[in-house]
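Everything on this sheet refers to the single structure shown next.
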Amino acid sequence: MLGMLALGLSPMTAVMAAEGGSSKLALAPVKAKKLPAAVQSAIEKGDYADVQSALAGALKTMDISPKDATALHCSMMHELIRVTGAEFLTAMAGEGKDKARFLQEFMKDTEWLEVYLTCGLVPYQKDLGMQILYRIWKEEEGDVKNKALATALASCWGGGETWKEPALAKALPNKHNPVRRYKFFQKQEKKGLLHPNYKNLKAWELRFVVANPGQDWDDESYEFAAKAINLPWDKYGIACWAATYTGTSKFGDSVQGGAYNLPYANESWAEATLRNGGVCGAMSHLGAVAAMAHGIPSYTVGQPGHCAYAVRTERGKWVGGFGGPDGGMHNMIFGFRAPTSYNLMEAVYGDDEKVAKAYRKSLCARGLEAAGKDAEAEKMWRSALKDSPMHPFFRAALHEQMKKRGVSAPECYEYLTKDMLPKYAGHGVAAIDATADLADIIAAMEEKDQLNIYRMEHEALATTPSSWAVKLDELVQKQQTALQSDSARQKFLENMFVAHIKNGDGTTFGQLLEWAVKTYVATEEGSKIFNKAFAKAAEKAGSGEAAGGESAEERNKKMAEAYKKAIVAAEQARSGPAFMALTKGALALGKPDYKASPLQKMGELQGKPAAASLFRISTTSNYDAPVLHASIMTPEGGKCHTAKEQNPNFIVELQKPGHTTGCIIRKVDGNEWRMKKAVVYTSEDGATWFKRAETNDMPKEWVAKFPDGTRAKWVKLEFENAGPDFAHISHFVVFTR
Amino acid sequence: MKKFLTFLILLGIVGGGVYYYDPGLLGLDAPAKVSRKKGKKKKKASKKAEKAEKAESAVAAAPAEDDAEEEGAPAELAASPLEFPENMEARAQAKAEGRPSLIIWYGSDWLPNSGKIVKEWTELGKKNLPVVIGQIDERVGTVPDLHAREKLTPFGAFTNLPVAVLMAPDETLLAIYSGKTVLNAAAMEKAVNRTLKQMPKYMQLVEKARNTEGVEGAKAAADALAMQPYTDAMRNRQLKDILNRKDPNHETLCRYLYCMDHMGMFDEINAVLNGGKGADARFKGNDRKFDDGIKFVKKVMKAHKLSKELEQQWTAGLAYVYREKYGVAKEPALRKLVVESYRKVVEIDPDSEYGKGALRWANYWDESVPYVFDTPFYDSGDMTVGFEKEWRVNVSDKMDGPGSYTFTLVPVKTGRMTSKGFQLFANGKHVCDGDIPADQDSKTVTFDVPRALKGKVEVRFKVQCFDGWFACGGEMVMKKN
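One line per chain: the protein sequences are A and B, in this order. Position 111, counted from 1, in the first sequence is what this note's numbering calls 563; the numbers after and before it change by one each time, with no gaps. Position 61, counted from 1, in the second sequence is what this note's numbering calls 162; the numbers after and before it change by one each time, with no gaps.
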């Protein structure tokens, strides 16, 4: 991230946005004053290496601050050249008079320059972004009506730090034409066909409307989807279902082979999908394109064996489509991990004015660096971070400066524990990512200091809304590897467990448990460390601190509570190994005094009970018995109990996909009048569900038979209640051939 | 139902005549734009209307060709929404009164042109149609989730609003209207009246289907489904349920036609070829029962009079079996049958999705047909894999008198592809060869053009891709040196 300062745009005050013209800047534009003669002359000559050195020279003589318009302007121009590359700009200026004139005008247009440099990712060491701006400028004869939109296109299509190879470079010009897409949105806006909030979107937000040529569809798809899918603004999360889910084409070809699309290769991808169907990839892209074509930010997202998407129904609120929004985002600013990456992005850009001010300071910091004033630059970065404490690029730039001057371990410890980490509540992944810049210095600290830093990181992580999609194995592995002694490792585990048992939402905890189980429980010595750490953590989490002198019964009770939470966390994290290991550990403490009634209809299904690896409950409650969840999937039976829900559900994950013949579901004894309307679905990818059986009056023991040839790895039971109600079952046994 | 029939008799629209088979009579609707492509041949008026009907019935697929699409016409939201009874209330009223219900599904606070809808449907309300008009005004935030949306009609949800659904008093699906029809009171009135005119025959079949046990009931359900446009029939869950229930052993073969889409059809065909489904499949590769597959498809196609869509679908199914057989047998006669089958699909309706797709497949397999490029781009899907195809690239606008010209393929997608045998043609006549040997693979070639060429000038050459259908793409550039 250090290679560039990708400046994200700030949103506005409403008044300024309405009046702020096409740039949608949150602050009044910097008033351009007369530039130093050497800079002016170099720009006119079109040699951007000369411009860069003239700017550096001028900046040395200036008192650089956001209040000094000339210094800020010079800093912006220098930054543009630094991130784009002087050689690219010089070459572009040499491609013709028009291009040279565009560059001259752009360098002088402080408003547009600022939007470009603060729009998330600036195309990095490529002129592609500038070429896109030029083409739109040319199309509009020098009077660009929507600079924010043009900037979003240039920024997103031109690539950036996270897209080192801009996808546009590999896109066919008749499929991806930035001018065509720009004009499409301008036309749709003029006709009033876009979401009412579209007009308020800042350039960084518009990046998620214009999409990314690496993941989105052709221009014609936007034009088609705008006509062919029209839903209430809040319903684009279901737009994917405009198409039929099918793995076989109209001509019998599998979607896994290229022949599937061959007959429709001359149609837009949206049209081909809507008319002929597809599977998760095509359908999710269709849903995302439909949303974007209506001015609603969206992204597609990769998940294991699946593709989903997300739409942003209002500022800061991303909702999933087809199993989204979590996974690996295909369009991004601060990393690809949803939800933590987009939550960070929304937090950073949440306060329009503050982040705009921070950006101006960051530009000045870059100006100071160009002038060789590193100490002042470091101060300026710190000042920018006061306004926008979690901006990853600013934080990385500060760390670079700190390392450059050789920050000491004690100073670094003070900085991390007092200045930085306390500001990352709710954004633990960002905290850990940012801290990684200083890993070498942390590794040189005493173990107690390291442990303290890791503890703070996990405290931030525990309060971070996350999902199964945000993988933390590598991260905790690095933390653990940095520690030398077994006692430190045990303490590290203990701190980690305490943080998550106390404050975690379960998901991250489940993942960390999975990592800990895999890392420690395989060996006897490791098991000891794990068990001691878990026992200590359970004690602490139950009482706020270790409670000496407790009876064995009290300790066991706390342990059992911790295990319950841990098992449900493992389910949420979709971690089969942790689920099984924790169930085993919990049962070792003592089996709950409960026995399920035996199944009566075992012989009604062909095949045998399938080996299952994970049970998932939609919600838990005080009546739930997570330790018995695993046995629900066996003929022996167990017990689970949701909270009150409209559609409570349970999912069984099989150890391996196979031909399933059906399932037997039995209600827990008592209150059988509940759970009337039930549906059983199966899935091969964990996201696309097919209805296989349903009943409007589920008996105490229901045998749901599946159609011949039903392959599945996941089987879901869902109740369709008239109002919120509990669901409780003792058996959910899937049969395979 | 009795009450409803009485009502129809009072209206004088129940004929006592013999039922005759006429697919697509229900749901006739006002014409909608069919072709999105420029330069299409003009069709006869009747044919055009027929196509319009089909396009109109493709509810989920047809773009709403509304007035907002006209240049410069800003979208208009309703100042105040429609005042018809709400969906469920209207349907209950229709049931009580024995009248059909006509439900419009729109959104007054977000749908472009909802202002026009309100104006037109207020007008429609005054026309004394013999139906109870109701509404679903799906305003933003009013329907909580996908499940709730699915339940708004007995036929599932729609993703391209506005749409209108006409139901019999017992909520049997009569027709679905979308596109321009919904935006125009006169068109709606005409379309609804046309549907109602055919309704007695349709409802007689529905009643028969409900009240007759066994395959006779199933057949009546199939006959009723055949009266509807294909896309409406596919949404008609009620009749499909009857058909499934009353013909569990496929005695009428009609379940293959009406109770499964193309995916289901290919599952069944593959089951015949493979001697079973999934894990029960007994045959693979050369051992598959291709002749049984061909017999099966032909038998199903004779089971019932087919709509165009079904005829296309099952003909594509037949082509598939031929193609699979050709894949192992490699007999030229089979390849010819593949091409003929695809051409038949095109012939049935060249403008349909099946027709357009089949044309590409037919041209792909037909060795005598070259690929013609009128734009300088080659892309995904233009590739032939396993054999060469002649490409003809129109370069007429690049010709500027005699001289030396260089033609270059500039790849953007870089899969392995050979291109050879470059020649220049003018108006179909050979002008000159390229400057490299005919069998040499090259991405660039130079032509010495001896004279000024007028008319259509083409570069012709042979191409084959080795990395799949979607591996190659790029631009073709012709420049005078």
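Glycine included, C-beta positions come from ideal geometry on N, C-alpha and C.
Close beta carbons around residue i, own chain, < 6 Å, minus the five adjacent residues each side
i: A:I748; result: H647, Y688 and V763
i: B:F508; result: V546, V560 and M579
i: A:A606; result: G581, I584 and L585
i: B:K409; result: I449 and D450
i: A:S1027; result: G962 and E966
i: A:E909; result: A883 and I884
i: A:D1149; result: K1128
i: A:G1114; result: L1057, A1156, K1157, F1158 and F1187
Residues near residue i by beta carbon distance below 7 Å, same chain, minus five either side
i: A:A408; result: Examination of residue 408 of chain A is not possible in this model, given that chain A is present from 453 through 1189 alone.
i: A:M1011; result: A987, A990 and L1041
i: B:H363; result: Q414
i: A:N743; result: Inspection of the sequence shows that residue 743 of chain A is occupied by Ala rather than by Asn. For A:A743, where only same-chain residues beyond five positions count, the Cβ hits under 7 Å are Y688, A691, S750 and V763.
i: B:Y427; result: L435, R436 and V439
i: A:A940; result: E899 and L903
i: B:V532; result: L525, F526, V550 and L554
i: A:T752; result: Q667, S736, H737, A740, C759, Y761 and H782
Boundaries of the beta strand (DSSP E) in which residue i is found, first to last residue
i: A:D885; result: Taken as a continuous stretch (DSSP letters only), A:D885 belongs to no beta strand (DSSP E), being part of the alpha helix (DSSP H) at G880 to T887.
i: B:N495; result: K490 to N495
i: B:K514; result: G504 to T515
i: B:V578; result: C573 to K581
i: B:C533; result: K530 to D534
i: A:V1185; result: H1180 to T1188
i: B:V473; result: Y472 to F474
Simplified DSSP state of residue i, which is helix, strand or coil
i: B:C566; result: strand
i: A:Q1107; result: strand
i: B:T254; result: coil
i: A:M1054; result: helix
i: B:D542; result: coil
i: A:I981; result: helix
i: A:T1113; result: strand
i: A:A1156; result: strand
i: A:C864; result: helix
i: A:H782; result: coil
i: A:M908; result: helix
i: A:P1078; result: helix
i: A:V771; result: strand
Residue i: first and last residue of the uninterrupted alpha helix (DSSP H) it sits in
i: B:G365; result: H363 to N375
i: A:E852; result: P844 to K856
i: A:F961; result: T959 to Y972
Contacts around residue i, its chain only, beta-carbon distance under 8 Å, and the 5 residues preceding and following it disregarded
i: A:L1051; result: P1087, G1089, I1116, R1118, E1153, H1183 and V1185
i: B:D540; result: K521 and G522
List, from N- to C-terminal side, the beta strand (DSSP E) runs of 3 residues or more that fit wholly inside the segment 272 to 343 of chain B. For the beta strand (DSSP E) assignment, the uninterrupted runs of no fewer than 3 residues enclosed by the segment 272 to 343 of chain B are, from N- to C-terminal side, 274 to 278.
Which of the residues in the segment 412 to 425 of chain B, read from start to end, lie with their CB under 9 Å from any CB of chain A? Correct list: Q413, Q414, A417, G418, A420, Y421, V422, R424 and E425.
Beta strand (DSSP E) runs contained entirely in the segment 690 to 761 of chain A, provided each spans 3 or more residues: Within the segment 690 to 761 of chain A, the complete beta strand (DSSP E) runs of at least 3 residues fall at 750 to 755.
Could you tell me which whole alpha helix (DSSP H) segments of length 4 or greater appear in the segment 423 to 460 of chain B? Fully enclosed alpha helix (DSSP H) runs of 4 or longer: 433 to 449.
Relative to chain A, which residues along the segment 372 to 393 of chain B have a C-beta separation below 7 Å, given in chain order? Residues of the segment 372 to 393 of chain B whose Cβ lies closer than 7 Å to any Cβ of chain A, in chain order: K378, G379 and A380.
Using a Cβ-Cβ cutoff of 7 Å, what residues of the segment 251 to 266 of chain B are near chain A? List them in chain order. Answer set for the segment 251 to 266 of chain B: T260, N261 and L262.
Along the segment 740 to 752 of chain A, what residues have a CB closer than 9 Å to any CB found in chain B? Listed by position along the chain: A742.
Which full runs of the beta strand (DSSP E) of 3+ residues lie inside the segment 223 to 268 of chain B, going along the chain? The segment 223 to 268 of chain B contains these whole beta strand (DSSP E) runs: 233 to 238 and 264 to 268.
Ordered list of alpha helix (DSSP H) runs contained in the segment 625 to 688 of chain A, each at least 4 residues: Runs found: 630 to 642, 655 to 662 and 671 to 680.
Residues of the segment 1122 to 1153 of chain A whose Cβ lies closer than 7 Å to any Cβ of chain B, in chain order: Within the segment 1122 to 1153 of chain A, no residue qualifies.
Along the segment 562 to 578 of chain B, where does the CB come closer than 9 Å to a CB of chain A? Name the residues. Those residues of the segment 562 to 578 of chain B that come within reach of chain A (Cβ to Cβ, closer than 9 Å) are G569, W570, F571, A572, G574, G575 and E576.
Under 7 Å (Cβ pairs) to chain A, residues found in the segment 492 to 503 of chain B: Of all residues in the segment 492 to 503 of chain B, none has a C-beta nearer than 7 Å to a C-beta of chain A.
Residues of the segment 199 to 222 of chain B with Cβ closer than 9 Å to any Cβ of chain A, in chain order: Hits within the stretch, in order: G208, D210, W211, L212 and P213.
What are the complete alpha helix (DSSP H) segments, minimum 4 residues, inside the segment 503 to 572 of chain A? With a minimum length of 4 residues, the continuous alpha helix (DSSP H) runs that stay inside the segment 503 to 572 of chain A are 521 to 536, 538 to 545, 549 to 560 and 562 to 569.
Could you name the residues of the segment 230 to 244 of chain B whose beta carbon sits closer than 8 Å to any beta carbon of chain A, in the order they occur along the chain? For the segment 230 to 244 of chain B, which is checked against every Cβ of chain A, the residues closer than 8 Å are E239, R240, V241, G242, T243 and V244.
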